[in-house]
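Chemist: Converting from the sequence shown to this note's numbering requires adding 141 to each position, the first position being numbered 1. Don't be surprised by glycine CBs; every beta carbon is placed ideally from N, CA and C. Just so it is clear, the structure is predicted and the values come from calculations on it, not from any experiment. Input: one structure, supplied below.
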Amino acid sequence: MQKNIVIILVSILFINCKNTTTAQSPDMGVVEEVFLGETKASEVSDIINFLASDELGGRDTGSEGLEKAAQFIEEEFKSYGVAPYFETYRDPFDANGIATYNVVGYLKGNDEKLAKEFIVLGAHFDHIGKAKEVNGDVIANGANDNAAGSSAVISLAKELARLKSNKRSILFVLFEAEEVGLLGSKHLARVLKMKKLNLYTMINFEMIGVPLNDKSYKSYITGYEKSNMAEKINEYAGSELTGYLPKAKEFQLFMRSDNYPFYEQFNVPCQTISTFDFTNYEYYHHVDDEISEMNFEFMSELINNCVPVIIKMANTNDKEIKLN
Ligand SMILES: [Zn+2]
Numbered sequence: 142m143q144k145n146i147v148i149i150l151v152s153i154l155f156i157n158c159k160n161t162t163t164a165q166s167p168d169m170g171v172v173e174e175v176f177l178g179e180t181k182a183s184e185v186s187d188i189i190n191f192l193a194s195d196e197l198g199g200r201d202t203g204s205e206g207l208e209k210a211a212q213f214i215e216e217e218f219k220s221y222g223v224a225p226y227f228e229t230y231r232d233p234f235d236a237n238g239i240a241t242y243n244v245v246g247y248l249k250g251n252d253e254k255l256a257k258e259f260i261v262l263g264a265h266f267d268h269i270g271k272a273k274e275v276n277g278d279v280i281a282n283g284a285n286d287n288a289a290g291s292s293a294v295i296s297l298a299k300e301l302a303r304l305k306s307n308k309r310s311i312l313f314v315l316f317e318a319e320e321v322g323l324l325g326s327k328h329l330a331r332v333l334k335m336k337k338l339n340l341y342t343m344i345n346f347e348m349i350g351v352p353l354n355d356k357s358y359k360s361y362i363t364g365y366e367k368s369n370m371a372e373k374i375n376e377y378a379g380s381e382l383t384g385y386l387p388k389a390k391e392f393q394l395f396m397r398s399d400n401y402p403f404y405e406q407f408n409v410p411c412q413t414i415s416t417f418d419f420t421n422y423e424y425y426h427h428v429d430d431e432i433s434e435m436n437f438e439f440m441s442e443l444i445n446n447c448v449p450v451i452i453k454m455a456n457t458n459d460k461e462i463k464l465n
């Protein structure tokens, strides 16, 4: 099986080379290999082309389009060998009088002891249905918000199920009814708390469809200062995969997505990764939040960078990610 490899030289070797002609013995440098995932841009594109299509009508809570999205995700999970966590993939709840559900996939850890500890990877797959008409278009396709984040969770499920190297267990969750008040995540966090789930950490993906403008880091994380999550993610990734965006703090994004109910219930690191920086995308909750605006190359890179991160997170002996 072929793997993409990034060789990272963590040493003074490079720096010295610039300044001296003295040859360094190779063992002066520590070479670490970081394996990347194998998700192709075309695979991300296929997922988003379905979820954000006009056929799904903007995936409003409880809608027919949302049901079609759920069926698609269930089929994907099944084909990857990702199991249902509950009796089925569906976690039913009531969203303001509408009977609906989250979709929850489960990849059991392969270490008897660590398998009792869980990592939750999540993204909301609902959107707002319709929005203000522009040139005859009323469907809010929600390509960036949040077919993009959903594609990350679905792609990570595929990669991690293929690798089967996680010691801790992983839940892959597509949340419903985020747009109407984080209802799906509030429900599931409560249910898992009642089941006394041993939650290590939760990572949520929101609006990762276009790159950040002029930043050294590839994404930002909400609640940056609440834990050492960003530091550990970058250490595990071997690159500046995530960072601090001041605007995220200013707008309290930490409290505005599906990570927050998990943080409230479990009081462990639960944070959102995003690349929407308020300057790089004009179509938030707009009918032009379309598939054609998405950067699939960028998304597949981001997802592939996350694969070694999740594996290390799942496999360290101790829970290295902690609240500050
Ligand atoms: Zn969203």
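1) Only counting runs of 3 or more residues, tell me where the beta strand (DSSP E) segments fall wholly within the stretch 350-424, in order along the chain.
2) Do threonine 180 and isoleucine 462 have their C-beta atoms within less than 7 Å of each other?
3) So proline 225 packs on glycine 250, CB below 8 Å; how close in whole Å?
4) Assign asparagine 339 to one of three DSSP states: helix, strand, or coil.
5) Could you please give the first and the last residue of the uninterrupted beta strand (DSSP E) stretch that includes lysine 271?
6) Can you grab the Cα-Cα spacing for the pair glycine 322 / phenylalanine 316, in whole Å?
7) DSSP state of valine 223, grouped into three classes?
8) Would you kindly work out how many angstroms separate the C-alpha atoms of threonine 162 and tyrosine 401, rounded to a whole number?
9) Hey, how far is the Cα of phenylalanine 346 from the Cα of leucine 312?
10) Compute the minimum distance between the beta carbon of aspartate 286 and the heavy atoms of ligand 1, and state whether it is under 6 Å.
11) Check whether the stretch 178-194 and the stretch 287-301 touch, using three or more Cβ-Cβ pairs below 8 Å as the test.
12) For aspartate 429, which residues does DSSP report across the bridge?
13) How is the beta strand (DSSP E) around serine 310 delimited, first residue to last?
14) Check this for me: beta carbons of phenylalanine 191 and phenylalanine 213, under 7 Å apart or not?
15) Have a look at tyrosine 523 and glutamate 253 and give me their C-alpha separation to the nearest angstrom.
16) Quick check on the DSSP output: the alpha helix (DSSP H) that includes alanine 455 runs from which residue to which?
Modeler: In short, the structure shows the following:
1) Runs of the beta strand (DSSP E) lying entirely within the stretch 350-424, each at least 3 residues long, are 360-362 and 411-415 in chain order.
2) no
3) The Cβ separation is near 17 Å, so there is no contact.
4) strand
5) Its beta strand (DSSP E) spans residues 271-275.
6) The alpha-carbon separation between glycine 322 and phenylalanine 316 amounts to approximately 11 Å.
7) coil
8) The predicted model places threonine 162 with a pLDDT of 28, which falls under 50 and marks its position as unreliable, so this point remains unresolved.
9) 14 Å
10) yes
11) yes
12) Note: aspartate 429 sits in no beta bridge, so no partner.
13) Segment 310-316, the beta strand (DSSP E) holding serine 310.
14) yes
15) A query on residue 523 cannot be resolved here, the shown segment of the chain reaching from 142 to 465 and no further.
16) Note, alanine 455: alpha helix (DSSP H), 437-456.
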